[in-house]
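Residue numbers (UniProt numbering): 1 to 536. Positions of the beta carbon are idealized from the N, C-alpha and C atoms, including for glycine.
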DNA sequence: CTAGGGTTAG
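This is the structure we're talking about:
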C-alpha cells in the first residue's frame, strides 16, 4: 500500500518498536531521541559523543541509538568510531537486528568499500527493503550500474525508493531510454521519480523532454522547479528560466541563487543585480548567502564599476558573511577588472590556498593594468607552487606581454604554451599575439599567423590586424583585415572608421569617400560615439 | 539505515 508523500517521516517507527524492545523505561528512548536528533541536524560529533555518554552512564543502547550513531560516523567520517560501535553491537547481541545491521553495512559501504559492506550484508539472516535499497545505492555509488540492475531485478521487495534509485542511476549515466522504460513500469511515483528523469534529460541538454516531464508531474517539489531553472540557464535560455522562476510560488534560497547565477553566467549582469535587489526585500523571506554573493560579485565584475565592489564588500560585512577563498577570488577578479589592483593584491595575499583560478585572476589583473613584471613574477611563483596553468592563465600572461610590448618574450610564451605546457592556444590567444605582433609593426608575420590558425579567426583577430594596419599606415593589410571584419560584424561602425582613418592619413580621398557612402547606405555613419570602445 | 536540487572564480 503506497504511503502518501507528505507522510514520509511523519510516523517514525520508533514509538511502537521501542516499546516492545526496551524492557524498562523512558530514559532509554530519550537518549535515543537525543542521538537521533543530533544526527539528523548534522551534528555528527555530538551524536557520537552522546552515544558514548549513554554507554558510560550505564544505559543499554537500543539498536536505533546505535544506528543513529553509525549514521553520524559516516558523516564525520570516522572508520575507527564506526568500528568501535560495531564491536558494541556484537556484545549487545544485535547481530541479527535488521535495522542495526543495515545501518552497519551502510556505514561500511561508505567508509570501507564494497567488500566490508558485503560481508555484513551476506551475514544478515533477514533483510528488509531498506537493506536492499542500501545495497542498491552502494552499487550505484561505485558506478556499477549493471551490478545495481542485477540487485534491483533480484531483490524480493521493492518500494518507490528502489525504483527511484535505479531510474536515476540510468538517468545519471545518460541512458534515458532505459530510465524511461523503467519509469513507465513504476507501480508508484513521487516527485523524486520525476525529478530524476528531469535532471537526466537536462544533463543531456534535452530541455524539451525535461519540460514534458515537468508539465506532466502531478505534484512539483522545489527541486523540480530549480532543476528546470538551472537547466535552462545552462543552455543559455535565461528567458525560459525566468519564466519558470516567476511562476514559482515559494521561492527558496536555492531558487534565488540559481536564477542569479544563471543571469551572471549568461552575460546579464544587470538582471543578476536586479534579481539580487528583489531578493533583498524583506518579503522575499530569504537571506543572501555566500553563493548568492559569488554570483553577484561576478555580475559586478562584468559591469566593471569599482563602486559596486566597495558596496558589495560593505554589504557582506553587514550580513556577517565571511570571505572564503571562493569569494576572495571573485573579488580579486572584480577589483582587477576595475583598476583596483591594491585591493586585489590585498585580497589575493589573504587567500588560504592560492589555486589555478585565483592565480589566473590576479595575473590577468596585472596584465590589464600594465603591471607586466608582476604578472610574470606571479606566473613563475605559480609554477614554483606546482599550480598548473591552463588556457585562461595564458590569456592573462599574454595580455601582460602585449601591454608591455615585449614581442620576443610574448612570442616565446605563446610557443611554450603548447610545447611545454601542452595547452592548445584558443582563438583568443591568437588575437592577443596578432595584436602584439601587429602593434610592433610585424604585419606580415601577424598575417601569416592568422593564415596558419587551426580554427576560424573571429572578429577580434581581424580587428587586431586592422588596428595595427591603421597604426602603421598599411593599406594592403588594412583592407584585407577590414573586409573580414565587415563580413563578421557588418553592423559595427568602428571597423569602418578605422579603415576610413587609414585612407585619410594616406591621402586616399576617393577611397575614403566611397567608404563613407557605403556607411551611409548601411545607416552607420550617424554613430559618432565609437561603440566598440567601452566608455570609461 | 535508502532516492531526488543549487557551487560560486579566471
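**Q.** Exposed unless 16 or more other CB atoms sit within 10 angstroms - verdict on residue 318
**A.** Answer is exposed; the Cβ neighbour count stays below 16.
Q) Out of 232, 485 and 206, which has the shortest C-alpha to C-alpha gap to residue 258? A) Closest by alpha carbon: 232.
(Q) Out of 463, 427 and 468, which one is the CA nearest neighbour of residue 455? (A) Residue 455 has its Cα closest to that of 427, out of 463, 427 and 468.
Q: Tell me, to the nearest whole angstrom, how far the beta carbon of residue 100 is from that of residue 89; I am working on the premise that it is less than 8 Å.
A: Confirmed, Cβ separation roughly 6 Å.
Q: Tell me whether residue 485 is buried or exposed, calling it buried when 16 or more other Cβ atoms sit within 10 Å of its Cβ.
A: It counts as buried.
Q) Any idea what DSSP makes of residue 189, helix, strand or coil? A) Looking at residue 189 - three-state DSSP - the assignment turns out to be coil, as it is neither helix nor strand.
Q.
If you reduce the DSSP assignment to three classes, tell me which class residue 218 lands in.
A. The answer is coil: DSSP assigns residue 218 none of H, G, I, E or B.
Q. Of all the options 55, 146 and 102, which has the alpha carbon lying nearest to the alpha carbon of residue 129?
A. Minimum Cα distance to residue 129 is reached at 102.
Q) Contact between the region 237–245 and the region 216–223: three or more CB pairs below 8 Å? A) At 8 Å Cβ cutoff, the stretches do not touch.
Q: Return the residue from the list 357, 348, 45 and 396 that minimises the CA-CA distance to residue 371.
A: Out of 357, 348, 45 and 396, 396 has the C-alpha closest to the C-alpha of residue 371.
Q: State whether the region 143–163 contacts the region 117–125, with contact taken as three or more CB pairs (one from each stretch) at a distance under 8 Å.
A: The region 143–163, when compared against the region 117–125, does not touch it at the 8 Å Cβ threshold.
Q. Once you ignore the five residues that flank residue 499 on each side, which residues in its own chain have a CB closer than 8 Å to its CB?
A. 466, 470, 478, 479, 482 and 515, listed in sequence order.
Q. Given 8 Å as the limit, is there contact between the region 386–394 and the region 410–427, that is, 3 or more CB pairs closer than that?
A. These segments touch.
Q: For residue 380, name the three-state secondary structure that DSSP assigns.
A: DSSP places residue 380 within a helical segment (H, G or I) once states are collapsed to three.
(Q) What would DSSP say about residue 302, mapped onto helix, strand or coil? (A) In the structure shown, residue 302 sits in a helix (DSSP, three-state: H, G or I).
Q) In or out: residue 311 buried (at least 16 other Cβ within 10 Å) or exposed? A) Exposed, by the Cβ-count rule.
Q. Whole alpha helix (DSSP H) runs in the region 114–173 with 4 or more residues, listed along the chain?
A. Correct list: 129–141, 145–154 and 160–172.
Q: Can you give me the Cβ contacts of residue 142 inside the same chain, cut-off strictly under 8 Å, excluding the 5 residues immediately before and after it?
A: 114, listed in sequence order.
Q | CB-CB length for residue 94 against residue 65, believed under 8 Å | A | Actually they do not touch by this definition, with Cβ atoms about 11 Å apart.
**Q.** Contacts around residue 76, its chain only, beta-carbon distance under 6 Å, and the 5 residues preceding and following it disregarded
**A.** Take residue 76, set aside five residues on each side of it, and the residues of its chain with a beta-carbon closer than 6 Å to its own are 44, in chain order.
Q | Simplified DSSP assignment, three categories, for residue 277 | A | Three-state result, residue 277: helix.
Q: Verify whether the separation of the beta carbon atoms of residue 299 and residue 263 is less than 9 Å.
A: Yes, these two residues count as a Cβ contact at 9 Å.
Q. For the putative contact between residue 399 and residue 358, defined by C-beta atoms under 8 Å, what is the C-beta separation to the nearest angstrom?
A. Not a contact, Cβ separation roughly 17 Å.
Q | C-alpha distance - residue 490 paired with residue 435, whole-angstrom precision | A | Distance between the alpha carbons of residue 490 and residue 435: 21 Å.
Q. How far does the alpha helix (DSSP H) with residue 65 in it reach, from first residue to last?
A. Counting along the chain, the alpha helix (DSSP H) containing residue 65 begins and ends at 63–75.
Q) Exposed or buried, what is residue 185 when buried is set at 16 or more other beta-carbons lying within 10 Å of its beta-carbon? A) Under this definition residue 185 is an exposed residue.
Q.
Please tell me whether residue 126 and residue 151 are closer than 9 Å, where the distance is taken between their beta carbons.
A. No.
Q) Taking the Cβ atom as the reference point for each residue, do residue 172 and residue 208 lie within a distance shorter than 9 Å? A) The answer is no: Cβ separation not under 9 Å.
Q | Integer Cβ distance of residue 468 from residue 446, believed to fall under 8 Å | A | The beta-carbon distance between residue 468 and residue 446, rounded to whole angstroms, is 6 Å. This is short enough to meet the 8 Å contact definition.
Q) Mind checking residue 53: buried by the 16 CB within 10 Å criterion, or exposed? A) It counts as exposed.
Q.
Tell me which residues share the same chain as residue 106 and place their Cβ nearer than 6 Å to its Cβ, disregarding the 5 neighbours each side in the sequence.
A. Excluding sequence neighbours, residue 106 sits near 134.
Q. When burial is assigned at 16 or more other CB atoms within 10 Å of the CB, is residue 505 buried or exposed?
A. Under this definition residue 505 is an exposed residue.
Q. Is residue 258 helix, strand or coil when you go by DSSP?
A. Correct three-state label for residue 258: helix.
Q: Could you check which residue in 91, 92 and 71 has the C-alpha nearest to that of residue 82?
A: Looking at the Cα atoms, 71 is the closest of the given residues.
Q: Report the option in 407, 411, 167 and 36 whose CA atom is closest to the CA atom of residue 194.
A: Across the set 407, 411, 167 and 36, the C-alpha of 167 shows the shortest separation from the C-alpha of residue 194.
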